[in-house]
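Protein sequence lines correspond, in order, to chains X and S.
Each residue of the first sequence is one higher than the one before, starting from 124 at the first, in the numbering used here.
Each residue of the second sequence is one higher than the one before, starting from 85 at the first, in the numbering used here.
Just so you know, even glycine gets a beta-carbon here, dropped at the ideal spot from N, CA and C.
The structure displayed is predicted, hence computed values, not measured ones.
First comes the structure, then the notes that go with it.
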Amino acid sequence: MTRHGLHRGLRVFWWLTLLFLYLPLAVVVLYSFNASNSAAHFTGVSLRWYYRLMGNEALLAALGNSLLLAVVSSLIALLLGSLVGYGMFHHRWRRLGWLVVLIYLPLVLPDIVFGIAEMAFFVQVERLTGWLSPGLGTMVIAHVSFQIPFVALIVYSRLVGLDPSLFEAAKDLYASPWQRARHFLVPTLRPALISGAFLSFTLSLDDFVISFFTAGPESATLPIYIWGAIRKGVSPEINAIATLMIAAVVLVAVASLLLGRQRAGRG
Amino acid sequence: MSGPGVLAAPGGRRALGETRHLLLTVAPGVLWLLIFLVLPGIYLMGVAFMTNGPYGQPQMPLTLDAFERLAGYGILGWSPANLYTLLRSLAQTLIATLLVVAISYPLAYHISTAKARWRPVMLLALVVPSWTNQVIRTFGWMNLLAPGTPLAGLAESLNLIPSNMGLYPSNIAVTLGLVYNFLPFMVLPLYAAFEKLDISQVEAAQDLYASPLRTFRHAVFPQTLPGLLAGVVLVAIPAFGMYVVSELLGGGKHMLLGNLVARQFGGGANWPLGAAGAILMLLATFAGLYVMRRLGRRLGGGDEVVI
Numbered sequence: 124m125t126r127h128g129l130h131r132g133l134r135v136f137w138w139l140t141l142l143f144l145y146l147p148l149a150v151v152v153l154y155s156f157n158a159s160n161s162a163a164h165f166t167g168v169s170l171r172w173y174y175r176l177m178g179n180e181a182l183l184a185a186l187g188n189s190l191l192l193a194v195v196s197s198l199i200a201l202l203l204g205s206l207v208g209y210g211m212f213h214h215r216w217r218r219l220g221w222l223v224v225l226i227y228l229p230l231v232l233p234d235i236v237f238g239i240a241e242m243a244f245f246v247q248v249e250r251l252t253g254w255l256s257p258g259l260g261t262m263v264i265a266h267v268s269f270q271i272p273f274v275a276l277i278v279y280s281r282l283v284g285l286d287p288s289l290f291e292a293a294k295d296l297y298a299s300p301w302q303r304a305r306h307f308l309v310p311t312l313r314p315a316l317i318s319g320a321f322l323s324f325t326l327s328l329d330d331f332v333i334s335f336f337t338a339g340p341e342s343a344t345l346p347i348y349i350w351g352a353i354r355k356g357v358s359p360e361i362n363a364i365a366t367l368m369i370a371a372v373v374l375v376a377v378a379s380l381l382l383g384r385q386r387a388g389r390g
Numbered sequence: 085m086s087g088p089g090v091l092a093a094p095g096g097r098r099a100l101g102e103t104r105h106l107l108l109t110v111a112p113g114v115l116w117l118l119i120f121l122v123l124p125g126i127y128l129m130g131v132a133f134m135t136n137g138p139y140g141q142p143q144m145p146l147t148l149d150a151f152e153r154l155a156g157y158g159i160l161g162w163s164p165a166n167l168y169t170l171l172r173s174l175a176q177t178l179i180a181t182l183l184v185v186a187i188s189y190p191l192a193y194h195i196s197t198a199k200a201r202w203r204p205v206m207l208l209a210l211v212v213p214s215w216t217n218q219v220i221r222t223f224g225w226m227n228l229l230a231p232g233t234p235l236a237g238l239a240e241s242l243n244l245i246p247s248n249m250g251l252y253p254s255n256i257a258v259t260l261g262l263v264y265n266f267l268p269f270m271v272l273p274l275y276a277a278f279e280k281l282d283i284s285q286v287e288a289a290q291d292l293y294a295s296p297l298r299t300f301r302h303a304v305f306p307q308t309l310p311g312l313l314a315g316v317v318l319v320a321i322p323a324f325g326m327y328v329v330s331e332l333l334g335g336g337k338h339m340l341l342g343n344l345v346a347r348q349f350g351g352g353a354n355w356p357l358g359a360a361g362a363i364l365m366l367l368a369t370f371a372g373l374y375v376m377r378r379l380g381r382r383l384g385g386g387d388e389v390v391i
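This is the structure:
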């Protein structure tokens, strides 16, 4: 094969892959504007499914649950995770192998094992004590447990990347540890803290399996609601809500690309 | 960082202060993980050795019943159903991983040879679909593979499926869903490896009239191996634990170990059996991580493997 032929072949392969990746999403978007409620036939453009969304209280409640869960869990994970990340860094010369194992555990655990372990535990605790009945509370607990490692590792890697002399300078400048934390650590770590919180937030919003097994009857999140609707039989409304979620992701992607371009342009 | 001996208090007090510092920073998060992750994990492992109660709840005495059930021994004698599920999980993981590798190599190479300003855009284009919710992505495939869709019609006209049947639930639909889900996890580490690739080795091989296959084997493959191993870890382990894709595109006849486990905590519940399945899944996960780590070390460049 000539080199030219190889490159042409690769280009075709690239576009076929993109087709493969975007076709399922495109179908969802297309059917969300379908006038008919048949999944097999497209009869005309209509916004009726979007109008229907606005009156769907269960769906709006699920959206509220998703956002509340994501905000609360990522704030708790930000606090606990950044402390762990800082501790890991500050004491990195000690034997902290056990801590590394503990931090990596939620990352390598299959979602399904994570989810049922949490569920079995919550059910047992509730049986024994009456606490931790399934609902948003148990979901927050489970979500924080998988978010902590991400925040800790982001904060840790930012600290490792800093010039060590900065810490000496901060030591000379500020007498108390609290002053150091306020005027040096937090401002220096701000990008890491923001990306840790943002990652936690999106991981929580995106999670289905762990939420599914720790949710109570009143605490369905958006993915759980969609799952239920799919299982009950396909309603065209799912296409509309799914399209809105896809649109949100695409917006974030374009924004990140533009931000990256801008930063590269400045640098 | 507090350098040793800088303005230090006498040794003993200083060590005590450091320990207190470690506890104050690390303890809240560690306690959280111990109580809400490690403890539930230990409890789940314990459940696997308990007896299945009349309502699916675990109860005493301790027994190995759940593991016997998992191996297929029930009240009605031995049945291969669970064994098939396990083999199906292994086969699906293997096939999906191989397919993902085969697709990712040309893609990663293609991106690494594109103009520098286009590379971030191309990577983003590959990753964006995986940012959408997994349930929605899989629902998209349900729409595409349902009876009456062009793809199903094509398969029908080729006599691949009976008429008025969709392309799912089926094993092929599950494989497709797995490949779709995990493709970016292989392309990204492979692309990182291609970016660092020493192109002079490849050119040397070509100058010596090596065939493309030999060039790949001797000049490209060894250099991209760390990326490949990282990708395999990122693809195979979650694929083996898959729940959503196999539940929606596979169903009862084509389920994977994850679905078998989940079922034991739902309707016809048998917690100990589910817990035993979870232990099997954990063992497979850790064994997979261990093997990839060893491989990475032996073949060199092991430090770059993500784990």
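query, result
"Alpha-carbon spacing of Ile321(S) relative to Tyr189(S), whole angstroms", "20 Å"
"Contact belief for Trp215(S) with Tyr264(S) at Cβ below 8 Å, rounded distance in angstroms", "About 14 Å; that fails the 8 Å criterion."
"For Phe370(S) and Ala236(S), the rounded distance between their alpha carbons", "39 Å"
"Nearest to Tyr193(S) (by Cα), restricted to the options Val131(S), Pro253(S), Gly350(S), Ile283(S)", "Ile283(S)"
"Integer Cβ distance of Thr344(X) from Asn188(X), believed to fall under 8 Å", "5 Å"
"Run of the alpha helix (DSSP H) containing Leu322(X), from where it starts to where it stops", "309-329"
"Beta carbon proximity, Ala315(S) to chain X, threshold 8 Å", "The residue you asked about is not Ala; residue 315(S) is Gly in the sequence shown. With 8 Å as the cut-off, Gly315(S) does not count as an interface residue toward chain X."
"Beta-ladder partner(s) of Pro142(S), from DSSP", "Asn136(S)"
"Chain-ordered chain S contacts of Gln247(X) [CB-CB under 7 Å]", "Tyr127"
"Met157(X) - DSSP class collapsed to helix/strand/coil", "What sits at residue 157(X) in the sequence shown is Asn, not Met. Three-state DSSP puts Asn157(X) in a strand."
"Local conformation of Thr358(S) per DSSP, three classes", "The sequence shown places Gly at residue 358(S), not Thr. In this structure, Gly358(S) counts as helix in the three-state DSSP scheme."
"CB contact flag (Val263(X), Leu255(X), <8 Å)", "no"
"Chain-ordered chain X contacts of Trp355(S) [CB-CB under 8 Å]", "Ala243"
"DSSP-derived helix/strand/coil call for Trp162(S)", "strand"
"Range of the contiguous alpha helix (DSSP H) that encloses Asp291(S)", "283-291"
"Exposure label - Asp391(X); buried when at least 16 CB within 10 Å", "This structure cannot settle anything about residue 391(X), because the visible part of chain X is limited to 124 through 390."
"Closer than 9 Å at the beta carbon, the chain S residues around Gly204(X)", "Gly113"
"CA-to-CA distance, Met270(S) to Gln290(S), given in whole angstroms", "26 Å"
"Integer-rounded CB distance, given that Ala277(S) should sit under 8 Å from Pro306(S)", "Not confirmed; about 10 Å, so no contact."
"Residue nearest to Val332(X) in terms of C-alpha spacing, selected from Ile235(X), Ile199(X), Leu139(X), Leu141(X)", "Ile235(X)"
"Simplified DSSP state of Tyr157(S), which is helix, strand or coil", "strand"
"Val168(X) - partner residues in DSSP beta bridges", "Asn157(X)"
"Assumed close pair Thr109(S), His213(X) - CB separation to whole angstroms, cut-off 8 Å", "7 Å"
"Beta carbon of Ile220(S) nearer than 8 Å to that of Val224(X)", "no"
"Below-8 Å beta-carbon distance, Phe273(X) vs any chain S residue", "no"
"For Met339(S), three-class secondary structure by DSSP", "coil"
"Buried versus exposed call for Ala352(X) [16 or more other C-beta atoms within 10 Å across all chains shown]", "buried"
"Exposure of Thr308(S), with buried meaning 16 or more beta-carbon neighbours within 10 Å", "buried"
"Own chain partners of Arg378(S) with C-beta closer than 6 Å, once the 5 adjacent residues on each side are dropped", "none"
"Leu238(S) to Ser247(S) span [Cα, whole Å]", "11 Å"
"Beta carbon proximity, Ser280(X) to chain S, threshold 8 Å", "no"
"Under 8 Å between C-beta atoms of Lys337(S) and Pro253(S)", "yes"
"Alpha-carbon spacing of Phe266(S) relative to Ala323(S), whole angstroms", "8 Å"
"Residues of the segment 203-229 of chain S whose Cβ lies closer than 9 Å to any Cβ of chain X, in chain order", "Pro204, Val205, Met206, Leu208, Ala209, Leu210, Val211, Val212, Pro213, Ser214, Trp215, Thr216, Asn217, Gln218, Val219, Ile220, Arg221, Thr222, Phe223, Gly224, Trp225, Met226, Asn227, Leu228"
"Burial state of Met177(X) (16 or more Cβ within 10 Å)", "exposed"
"N- and C-terminal bounds of the alpha helix (DSSP H) containing Tyr209(X)", "180-213"
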